[in-house]
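Below: the structure, in structure tokens.
Residue numbers (mature numbering (1 follows the signal peptide of the UniProt record, and there is no 0)): -21 to -1, 1 to 183.
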């Protein structure tokens, strides 16, 4: 009889321990799943795959708008400064090209009334300040500069779109201190020499 009572008590304790251990494991799994789920939700919320496309589209519609979307406001004056410079040089070279072309057409028509037949005070000269060959060379020169200015302006416009797109991509990468690559400079205290190196930090 005592043996049966001892065995029943031991069996009851064993069952209680198993139930308690099972409940503990279930709680740990629920906590782990909750943490993983929260991490996944946080990662999904922090990454927007359409953000780079939006930034590029905004910059294509209005230069600088993609930089404003990325909150890189200091880049907007650079974008407009570059575009304004390109447009200024294009306009200046186009104006000079038209001057030389009009004078050249006037010479071909046998007229001597183009602006190069007059000095700075408006007095007509017997010989022009720029010869006919000079007018041809001037047209080529300003036409070439006009085309280069146009290409530079288009390049700055394209660079504005690319910058907004790449910047939106880079903003979604993990750049905290636990993952960093940085140079370091130290003085060796033993022989007073300088040591230059590269430090890679990767913390879990």
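Even glycine gets a Cβ: it sits at the ideal position worked out from N, Cα and C.
In this text the structure is predicted, and so the values were computed from the model without any measurement.
Three or more beta-carbon pairs separated by less than 8 Å are not found between the region 80 to 92 and the region 131 to 138, which leaves the two stretches without contact. Bridge partners of residue 166 according to DSSP: 173.
Take residue 62, set aside five residues on each side of it, and the residues of its chain with a beta-carbon closer than 7 Å to its own are 42, 132, 135 and 136, in chain order.
Within 10 angstroms of the beta-carbon of residue 49 lie 16 or more other beta-carbons, which makes it buried. Beta-carbon to beta-carbon, residue 169 and residue 45 are separated by about 53 Å, too far to satisfy the 8 Å threshold.
Contact between the region 62 to 80 and the region 100 to 119 is present: 3 or more CB-CB pairs across the two stretches fall below 8 Å. Around the beta carbon of residue 142, a 10 Å sphere encloses 16 or more other beta carbons of the protein chains shown; the residue is thus reported as buried.
The continuous alpha helix (DSSP H) containing residue 128 extends over residues 111 to 149.
Straight across, the Cα-Cα distance linking residue 148 with residue 111 is about 56 Å.
Closest in alpha carbon position to residue 52, among 146, 99 and 123, is 146. For residue 59 and residue 29, the gap between their C-alpha atoms comes out near 25 Å.
Within 10 angstroms of the beta-carbon of residue 72 lie 16 or more other beta-carbons, which makes it buried.
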